[in-house]
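Notes to accompany the following structure.
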Amino acid sequence: MLLTRLNPIAKRVATPAVGSIRTIINKATIVGRVGQDAEINTVGERTVVNFAVATSETRKDAEGNLVQTTHWHRIVSWDQNKNNYLSERVHKGDLVYVEGPIHYKSYTAKDGTEKTMTEILLKTFQALSPKEAPQQ
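All letters in the sequence shown, in the order written, are residues 1 to 136 by the UniProt record's numbering.
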C-alpha cells in the first residue's frame, strides 16, 4: 500500500479516521536561480521584499527533441528580521532554496481588468551559491 512509504505527516493526512483532526499542508519548495536583485519596499510601517526565482524542466516533444521550459515564481517576504539580509544578499543569478506557503491575490489592473497573482510567502531561505562566473 502506498501509505507505508509516506512520511508520518502524510499518513495522518491520507488516512481517513472518524472524528480525527486532519492536517492540511500548503508548502512550496523551490530551488532555482534569482531573476533580479531583491527589491525592498515600505508598506505602512512594514517592509516587504520581492524577488523572482526561475526553475526549469526538460521534456521531450512529439518529435523526440528536448524542450526546456522555465517557470518564474514570485517570492515575497514580510519577515522584518529577514528583509534587510534578503535585500542586501539576494542577487540576480544566485542559486537559492526557498520554502513557504502559496498565496493567491486578486487585484484590479490599471486597464480595469481583474488579475490574479500567485506568490510564495518566504518562510525558509538558504543561499546555495552565488551567480556562476562566466567561462573564459
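Each residue gets a CB set at the ideal place from its N, CA and C atoms; glycine is no exception.
Asked, Found
"For Met1, I'd like the list of residues in its chain whose CB is within less than 8 Å of its CB, leaving aside the five on either flank, ordered along the chain.", "With a pLDDT of only 42 at Met1, under the threshold of 50, the placement of this residue in the model should not be trusted; the figure read from the coordinates follows. Hits under 8 Å: none found."
"In this structure, does DSSP put Arg22 in helix, strand or coil?", "coil"
"With 16 as the cutoff for other CB atoms within 10 Å, does Asp111 come out buried or exposed?", "exposed"
"At what residues does the beta strand (DSSP E) containing residue 174 begin and finish?", "As displayed, the chain neither begins before 1 nor continues past 136, which places residue 174 out of reach and without an answer."
"Using DSSP with H/G/I as helix, E/B as strand and the rest coil, what is Asn65?", "coil"
"Note the first and the last residue of the continuous beta strand (DSSP E) segment covering Gln126.", "Thr124 to Ser129"
"Classify Glu39 as helix, strand or coil using the three-state DSSP reduction.", "strand"
"Can the beta-carbon of Leu34 be found closer than 8 Å to that of Phe51?", "This sequence places Val at residue 34; Leu is not what is there. Yes, these two residues count as a Cβ contact at 8 Å."
"Would Gln126 and Val96 be called neighbours here (beta carbons separated by less than 8 Å)?", "yes"
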